[in-house]
Amino acid sequence: MPSKGRGRPRSFDPDEALGRATERFRTQGYAGTSLDDLSEATGLKRPSLAAAFGDKRAMYLAAIDRLTMRIDRQLQRLGEMALAPRELVERILLGGIALYLTGSEGPEGCLIINTAATQAASDPQVRAKVGTFLAVEDGRIAELLAAAGSAAPEAQGRLVASVLHSLSVRARGGASREELERVAHDCIDLIFGAGN
Numbered sequence: 001m002p003s004k005g006r007g008r009p010r011s012f013d014p015d016e017a018l019g020r021a022t023e024r025f026r027t028q029g030y031a032g033t034s035l036d037d038l039s040e041a042t043g044l045k046r047p048s049l050a051a052a053f054g055d056k057r058a059m060y061l062a063a064i065d066r067l068t069m070r071i072d073r074q075l076q077r078l079g080e081m082a083l084a085p086r087e088l089v090e091r092i093l094l095g096g097i098a099l100y101l102t103g104s105e106g107p108e109g110c111l112i113i114n115t116a117a118t119q120a121a122s123d124p125q126v127r128a129k130v131g132t133f134l135a136v137e138d139g140r141i142a143e144l145l146a147a148a149g150s151a152a153p154e155a156q157g158r159l160v161a162s163v164l165h166s167l168s169v170r171a172r173g174g175a176s177r178e179e180l181e182r183v184a185h186d187c188i189d190l191i192f193g194a195g196n
């Protein structure tokens, strides 16, 4: 009789496993996610998790880094579309809403805004990573707006990012897609003028 395999599955994909762990953290937060939860989410036994990623905190930090890089890449790809400023902001906000309304147990918002911001109060390394995420997001949106011809790209970029964060919290709090889209369009109209 063949012996049971030990360690990681042969098809182990570190990024896929981290993505599954990220979703579990997004649902339950850092404190609410146990190593057993992460093992279940990734399909890896606890020793394999430790060998691949380190402890739970290391996985959480890696999840924040992964999301920061993913958002940066998505914004860069959006910039390649050469959209007008109003359409650019609409794509950013409505894309955020589409993401925030997903989740394994209902609308879960953003990992960083809804869970890491809480953890940042007691963990300086998480706080630094949240700060990095916010700087990347603000900076990239401002760059996109500048390239699209905005007259005030930095101020508008900060406003758009702040509304994104509000949309994440509202989604997790149960706001409907219609309510979230109303907030997004209010922001767009305030920046660019209604009907323009």
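The opening residue of the sequence shown carries number 1 in full-length UniProt numbering; numbering runs sequentially from there. Even for Gly, the Cβ is constructed at its ideal location relative to N, Cα and C.
So is residue i buried or exposed if we call it buried at 16+ other beta carbons inside 10 Å?
i: Leu61; result: buried
i: Leu35; result: exposed
i: Glu105; result: exposed
i: Gln156; result: buried
i: Ala161; result: buried
i: Arg26; result: buried
i: Gly109; result: buried
i: Ala175; result: buried
Going straight from the alpha carbon of residue i to that of residue j, what length do you get?
i: Glu80; j: Arg70; result: 16 Å
i: Glu90; j: His165; result: 15 Å
i: residue 197; j: Ser39; result: Residue 197 lies beyond the range of the chain shown here (1 to 196); nothing can be said about it.
i: Phe12; j: Thr132; result: 29 Å
i: Pro124; j: Ala117; result: 11 Å
i: Thr102; j: Gly95; result: 11 Å
i: Ala98; j: Asp138; result: 20 Å
i: Thr115; j: Ile92; result: 21 Å
i: Ile191; j: Ala51; result: 49 Å
i: His185; j: Arg177; result: 12 Å
i: Ala82; j: Ser150; result: 13 Å
i: Arg57; j: Arg86; result: 39 Å
i: Glu154; j: Val183; result: 20 Å
i: Ala128; j: Gln119; result: 11 Å
i: Ser3; j: Leu44; result: Confidence at Ser3 is low in this model, with a pLDDT of 45, below 50, so its placement is unreliable and the value that follows should be read with caution. Approximately 18 Å, taken between the alpha carbons.
i: Ala194; j: Tyr30; result: 41 Å
i: Ala152; j: Thr68; result: 24 Å
i: Gly32; j: Val130; result: 19 Å
i: Ala84; j: Ile188; result: 12 Å
i: Met59; j: Thr22; result: 8 Å
Rounded to the nearest angstrom, how far is the Cβ of residue i from that of residue j, given a contact under 8 Å?
i: Ala41; j: Arg24; result: 4 Å
i: Leu180; j: Arg170; result: 6 Å
Going by the CB atoms, is the gap between residue j and residue i shorter than 8 Å?
i: Tyr100; j: Leu18; result: no
i: Asp72; j: Val136; result: yes
i: Arg20; j: Pro107; result: no
i: Ile112; j: Ile64; result: yes
i: Leu144; j: Leu49; result: no
i: Leu88; j: Ala148; result: yes
i: Gln28; j: Asp37; result: yes
For the ligand SAH, I want to know if residue i counts as a neighbour, meaning its beta carbon is within less than 7 Å of at least one of the ligand's heavy atoms.
i: Ala82; result: The ligand SAH is absent from the structure shown, which contains no ligand whatsoever.
Query - 4-residue-minimum alpha helix (DSSP H) runs that sit fully inside the stretch 71-108, ordered along the chain - result: 85-100
Query raised in the report: Can you list, in chain order, the stretches of the beta strand (DSSP E) that have 3 or more residues and sit fully within the stretch 20-51?
Result: none
**Report entry** Length at least 4, wholly inside the stretch 113-173: the alpha helix (DSSP H) runs in chain order
**Finding:** 124-147, 153-172
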